[in-house]
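Colleague:
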Amino acid sequence: MAEITLDVRRLRAFAEVGYQVAAGGGAHGAMAALRRVVPLDAYEFVAFDPATGRHHSVVSDGHARIDRDAAEEYAGLDAYRRALATRAPVAMPEPGTERYFRRHLAPYGWRAGLTAPLFLSEGRYTGLLHLASKDPFPRLTAALLAAVTPMLAHVTDLSRCVIDPVGLPPGFRAVAYDRLGTRRRVPGRETSVVLWDDPAMAAYARTFIDSRELSRHGLWLGGDGGWHEVRLLRAGVGFQGTLQGAVAAERPCPLPYDLTGRELDVLTRVAAGDSNPQIAAALVLSVRTVTTHLEHIFAKLGCDSRTRLTTKALAEGLCRLDA
């Protein structure tokens, strides 16, 4: 059986694994670096989707075919539960894995398998990495693999927005959503607690994703009782950005032009094309009160017609998005 020893060349290979993950080289770049240290013939990354509680094969190399059901089958083994409990790679074939090994590895000529659970350094589980070899793995393979799993765990992290949205200004805190309303963190952006904890924003993001709009800009009354400038942009989310999604970003702000909350409600209805009687009915106000609010709004925004008022409100994001 071959032995693994550490030297400067191999330590550099480990550093390259982290660099490939961080710099966008992805799974294949990271595994090319790992192969300088660990002899392997095939690998498969299996991602855990927190939205569904299921596993999905996402990246592989060296396999003639990927059986997608195999991911969930492995998750039902005692070996999987042992791997999660110990956070250590599990070798195959070992007791409890023989049937799985015969079905999914042996037919391809593999004599050894090794499965590592992938946990980020913060402790969150993101999936599995399966290795296969035509020869038995060297003695230190499991220990060395365990050392790099916190870096490799980013490859299968489906909770992150992978494709960064274009046009998101600095200083905004963000949350990404997919069509199911699943929340995801946006790399390089502080997570917005206000939006993360607000189910109404998840529902609003779904309607935005289903629309034909590329972006929206407006005001949101957060659960913290404060007003927030909010921008929504289309973005690819999930593994390699393959899911249609959106990024909602916010920053606290005072109401612009010294508008009051009620004036903002009226302005939002005007921009939607409502007449004064329609606005009065929607906001449970008298038509006279609506007219008075409009007079104040015209004066504050320096507009002399509903058309100019609407144009200015939409261009500057002065409407309530949660109205």
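What the sequence shown shows, in our numbering, is residues 1 to 323, in sequence order.
Cβ atoms here follow ideal geometry from the backbone N, Cα and C, with glycine treated the same way.
Quick one, which of R173, R206, F208 and D178 has its alpha-carbon nearest T324's?
Modeller: Residue 324 is absent from the model: the chain starts at 1 and stops at 323.
Colleague: With respect to the beta strand (DSSP E) encompassing E229, which residues constitute its N-terminal and C-terminal limits?
Modeller: Counting along the chain, the beta strand (DSSP E) containing E229 begins and ends at W227 to V237.
Colleague: With burial defined as no fewer than 16 other Cβ atoms inside 10 Å of the residue's Cβ, what is the status of P277: buried or exposed?
Modeller: Exposed, because fewer than 16 other Cβ atoms sit within 10 Å of the Cβ of P277.
Colleague: By the 10 Å Cβ neighbour count, where 16 or more other Cβ atoms means buried, how is T126 classified, buried or exposed?
Modeller: By the 10 Å Cβ count, T126 comes out buried.
Colleague: Between E94, A112 and R81, which has its C-alpha nearest T141's C-alpha?
Modeller: Comparing Cα-Cα distances from T141 to each of E94, A112 and R81, the minimum goes to A112.
Colleague: Mind checking whether L118 and T86 have CB atoms under 7 angstroms apart?
Modeller: It is not a contact, given that the beta carbons lie outside the stated cut-off.
Colleague: Does W110 come out as helix, strand or coil in the three-state DSSP assignment?
Modeller: Note: W110 maps to coil in three-state DSSP.
Colleague: Would you please verify whether the beta carbon of R288 is less than 7 angstroms from any beta carbon of chain B?
Modeller: The structure shown contains no chain B; it is built from a single protein chain.
Colleague: Taking H130 as the reference, give the member of A153, V266, T289 and P256 with the closest Cα.
Modeller: Per the Cα distances, A153.
Colleague: Which residue's Cα is closest to the Cα of R320: A132, A33 and V230?
Modeller: Nearest C-alpha to R320: V230.
Colleague: Could you pull the start and end residues of the alpha helix (DSSP H) that V46 belongs to?
Modeller: Taken as a continuous stretch (DSSP letters only), V46 belongs to no alpha helix (DSSP H), being part of the beta strand (DSSP E) at A42 to D49.
Colleague: Between T115 and L243, what straight-line distance do the alpha-carbon atoms span, to the nearest angstrom?
Modeller: Between T115 and L243, the C-alpha separation is close to 27 angstroms.
Colleague: Let me check you understand the geometry: is the CB of A200 closer than 6 angstroms to at least one non-hydrogen atom of the ligand GDP?
Modeller: Looking at this structure, you won't find the ligand GDP or any other ligand, since it has none at all.
Colleague: To the nearest angstrom, how far is the alpha carbon of L219 from that of A246?
Modeller: Each residue's alpha carbon lies about 17 angstroms from the other.
Colleague: Is G205 buried or exposed, if buried means 16 or more other CB atoms sit within 10 Å of its CB?
Modeller: Going by the sequence as given, residue 205 is Ala instead of Gly. A205 should be labelled buried.
Colleague: Short check: CB of A323 to CB of T268, under 7 angstroms?
Modeller: Yes, the pair counts as a contact, with Cβ atoms nearer than the cut-off.
Colleague: Check the DSSP bridge columns for S57 and list the partner residues they point to.
Modeller: Per DSSP, V46.
Colleague: Below 8 angstroms on the Cβ atoms is my contact criterion, and I expect G167 with S215 to pass it. Report the Cβ-Cβ distance as a whole number of Å.
Modeller: That pair is a contact at about 7 angstroms.
Colleague: Looking at L158 and G238, is the spacing between their C-beta atoms short of 7 angstroms?
Modeller: Yes, Cβ-Cβ distance for G238 and L158 is below 7 angstroms.
Colleague: In chain order, which continuous runs of the alpha helix (DSSP H) of length 4 or greater are located wholly inside the stretch 72-110?
Modeller: Listed in chain order, they are 78-86 and 98-104.
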